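Read through the structure below, which is laid out as C-alpha cells, and then see the notes.
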Amino acid sequence: MTTTTRFAPSPTGLLHIGGVRTALFSWLYARRHGGKFILRIEDTDLERSTPEAVRVILEGMEWLGLAHDEGPHYQTQRFGRYKEVLAQMLAAGTVYHCYCSKDELDAMRGAQQAQKLKPRYDGRCRHGRGPGAESGRAPVVRFKNPEEGATVVRDVVHGDVVFQNSELDDLIIARSDGTPTYNFCVVVDDADMGVTHVIRGDDHLNNTPRQLNMLLALGHEPPVYAHVPMILGPDGAKLSKRHGAVSVLQYQEEGYLPDALLNYLVRLGWSHGDQEIFSRDEMVKLFDIKDVNKAASAFNPDKLLWLNQQHMMRAEPVTIVPHLRWQLVHLGIEAADDGVLEAIIIAQRERAKTLKEMAENSRFFFGEGVTLDDKAAQKHLTAESRQALQQLASRLRMLPEWTAASIHELVQAVAAELTLSLGKLAQPLRVAVTGGTVSPPIDQTLAILGRERTMNRLLAVLG
RNA sequence: GCUCCCUUCGUCUAGAGGCCUAGGACAUAGCCCUCUCAAGGCUGUAACACGGGUUCGAAUCCCGUAGGGAGCGCCA
95 MTTTTRFAPS
105 PTGLLHIGGV
115 RTALFSWLYA
125 RRHGGKFILR
135 IEDTDLERST
145 PEAVRVILEG
155 MEWLGLAHDE
165 GPHYQTQRFG
175 RYKEVLAQML
185 AAGTVYHCYC
195 SKDELDAMRG
205 AQQAQKLKPR
215 YDGRCRHGRG
225 PGAESGRAPV
235 VRFKNPEEGA
245 TVVRDVVHGD
255 VVFQNSELDD
265 LIIARSDGTP
275 TYNFCVVVDD
285 ADMGVTHVIR
295 GDDHLNNTPR
305 QLNMLLALGH
315 EPPVYAHVPM
325 ILGPDGAKLS
335 KRHGAVSVLQ
345 YQEEGYLPDA
355 LLNYLVRLGW
365 SHGDQEIFSR
375 DEMVKLFDIK
385 DVNKAASAFN
395 PDKLLWLNQQ
405 HMMRAEPVTI
415 VPHLRWQLVH
425 LGIEAADDGV
435 LEAIIIAQRE
445 RAKTLKEMAE
455 NSRFFFGEGV
465 TLDDKAAQKH
475 LTAESRQALQ
485 QLASRLRMLP
495 EWTAASIHEL
505 VQAVAAELTL
515 SLGKLAQPLR
525 VAVTGGTVSP
535 PIDQTLAILG
545 RERTMNRLLA
555 VLG
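When you line the first sequence up against the numbering used here, it's residues 95 to 557, in that order.
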C-alpha cells in the first residue's frame, strides 16, 4: 500500500502557520516515503465556510510549493457518497435515528453539568426510551459507540492512548437536514482515499477513538495516527490574530522565502541534532514523523527573521530574483533588469532580513535622482568633503573600467592622495549617490548604479 | 466538572541511566573586524516545574503534586 497522507483544512478561517505546519509534516512524510499527498477541503460547515478561505488555502499551498498529488477534494461534492455509507450503516444497524430535540439535549447536558458530570448523550433513543418517530421530528443519525471496553489509539508521537468506551457517547453523524458531520466525513474520506497516515493537530486526539470505532464498524483497517503538538503565540498563549494567526499569504507580502518559512516551521517540534538550516531536499530526506515532540511550541518571529536572511544568503541569487521583483513591483518599481536585480541581491542580502526590507533599502538603485536626507547631507556634505568629492568625481569620470574592483582602487587612491581616511571620502560619496548614510559597500553600490547615474547624482550635489 | 494530552535556558531544541561542570540556535550583553549598515568571529548571562521513590548512579524509569493545553456541539 502506498504511503498516503492528507491535509484536510476547513475553510472556516484563513490558513495560518499552524495549519501550514501540519500540512508540511504530511507533505514531507509522503515525499520521504515516495507516497501520495492529498489535499481535501472540509467544507461541510456551509454556514461558516468562505470562498476566500478556500482561495488562501490553494494559493498558500502553491506559494509554499507544497504540491498535492491528488485533489483538491471538496466534501460538499461528496454528499452522495456519505448518504450511501449512511444507508449501509443503517441497514447494518451500526447507527440509529435519534428524535431528541435540541431543547431536550440542552436540558440533558445542563442536568449533567449540575451534577459535575461530563456532558454526554445518554443513549435514550438507542434504547427505545427516546421520543421516537411519532414525535414528528426529523431525526438525526447517531453512531452506536461500543458501551464497554476500551479503545486504544496507537499514535506515533504520543504512543498508545487509552480511552474507556464508557467515556464516549453516541455522536451525531448526520444532521436532521440529512447533511453529514465532520467526524463521519473524515472517516469515510480517509477510508475511501486510502489514507495510511493521518497527521493532524493534537486537538483532534480526543476525537480519534470515536473515529476509530466508526472505522472498525465499517470494517476498515485503521490508519497510523500522528497527533502533532500545536503552535502557540510568542507569549505562550493560543495563536491569535495579533501574532501568527494571520493568513499565510501575509508572510509572502512581508517578504519571507517559502523555504525559510518551511524551515522555521519544521524545526518547531522536530530537530536533527544541532542543525538549524535545512534545504527543502534535506527536510524531505531527514524528516520523520516519529521524531516529532509532544509539547506545544511558541512561535518566535525573531528566529524566523534570522532564518529568512540565512536562506537569502545561501540561495542561488537567481532564484531570489522573482521574489525581489515581486516586492519591487509592490513599491511601484517596475523597470528592473534580471542582471541588476541579481547584483542587488548579492549586495543587499546580508543587510536585510526580508525581501520587503531588501526592496525598500534598494529604492535608490532605481530612478534618476535621489532625495537627500537632510541630516546626512548636513553632516557629510561639508565644504571640505565637497572638495574631495569634486576631485573624486573627475577621476571617476575617467575611470577606464566601471567595476567594483576598479572603483574600490580609485576611491582608496584618492583618499590616500588627499590624506583622508577612507571613511571621510566614502561616507560623503555614499550620501551623494544614495541620499542616505546606509548602503552596501560604496564600490559595489557605484558599480550597480552605473557610471552615468553616479555622475549625475554627484553633479547634482556638487552643482 | 469529567476525560485525554503536555512540562530542559526568555524562545526553539539536543539529551533514549553514567559521555551532563546539561550541548547548539534565536534573542540579549561585551569585544574583534570595518567606508556606513550589516554579515561574520570570539566571549558572557541564562534551563532539567516540584516532591517522593527505583538504582551504585536519574534531565533520562515509576508514582504523586502543581501548572499549562485540548475535548466534552445537529462546528471542523
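Here a beta-carbon is modelled for each residue, glycine too, at the ideal position from N, C-alpha and C.
Everything numeric in this text was worked out from a predicted model, so none of it was measured.
State the Cα-Cα distance for the pair residue i and residue j, rounded to the nearest angstrom.
i      : j      : result
Leu362 : Arg115 : 9 Å
Glu178 : Gly165 : 21 Å
Thr98  : Ala185 : 30 Å
Lys210 : Asn301 : 22 Å
Arg79  : Pro534 : Lying outside 95 to 557, the shown extent of the chain, residue 79 is not represented and no answer is given.
Val148 : Leu553 : 55 Å
Gln305 : Phe278 : 7 Å
Thr170 : Leu180 : 16 Å
Leu398 : Glu242 : 48 Å
Indicate whether residue i and residue j have their beta-carbon atoms separated by less than 9 Å.
i      : j      : result
Thr448 : Gln521 : no
Asp296 : Val251 : yes
Gly103 : Thr144 : According to the sequence shown, residue 103 is Pro rather than Gly. It is not a contact, given that the beta carbons lie outside the stated cut-off.
Ser488 : Lys518 : no
Phe131 : Phe173 : no
Cys219 : Ile266 : no
Ala268 : Arg294 : no
Leu486 : Leu504 : yes
Leu493 : Arg545 : yes
Got a sec, what are the start and stop residues for the alpha helix (DSSP H) residue i sits in?
i      : result
Gly112 : Ile111 to Arg126
Arg545 : Arg545 to Leu556
Phe278 : Tyr276 to Asp286
His167 : From DSSP, His167 is part of no alpha helix (DSSP H) but of the beta strand (DSSP E) over Glu164 to Tyr168.
Arg489 : Ala477 to Met492
Val340 : Val340 -> no alpha helix (DSSP H), and no H or E assigned at all.
Thr302 : Thr302 to Ala311
Arg203 : Lys196 to Ala208
Thr98  : That residue, Thr98, is in no alpha helix (DSSP H); its beta strand (DSSP E) goes Thr98 to Phe101.
Is residue i helix, strand or coil by DSSP?
i      : result
Ala320 : strand
Gln369 : strand
Ala392 : strand
Tyr190 : strand
Leu326 : strand
Asp297 : helix
Thr245 : strand
Thr290 : coil
Val532 : coil
Val360 : helix
May I ask which residues mark the beginning and end of the beta strand (DSSP E) holding residue i?
i      : result
Ala268 : Ile266 to Ala268
Ile132 : Lys130 to Ile135
Arg223 : Looking at the DSSP string, Arg223 is not in any beta strand (DSSP E), and its letter there is neither H nor E.
Thr528 : Note, Thr528: premise wrong, no beta strand (DSSP E); alpha helix (DSSP H) at Leu516 to Thr528.
Val255 : Gly253 to Gln258
Arg236 : Val234 to Phe237
With a cut-off of 8 Å on the beta carbons, I'd call residue i and residue j a contact; round off their distance for me.
i      : j      : result
Ile111 : Val281 : So it is not a contact: roughly 28 Å between Cβ atoms.
Ala453 : Leu425 : 6 Å
Asn387 : Pro328 : Going by Cβ atoms, the distance from Asn387 to Pro328 rounds to 18 Å, so no, they are not a contact pair.
Gly529 : Thr465 : 5 Å
Ala354 : His298 : Incorrect: roughly 28 Å between the Cβ atoms, too far for contact.
Ala441 : Gln506 : Wrong, their Cβ atoms sit about 19 Å apart, outside the cutoff.
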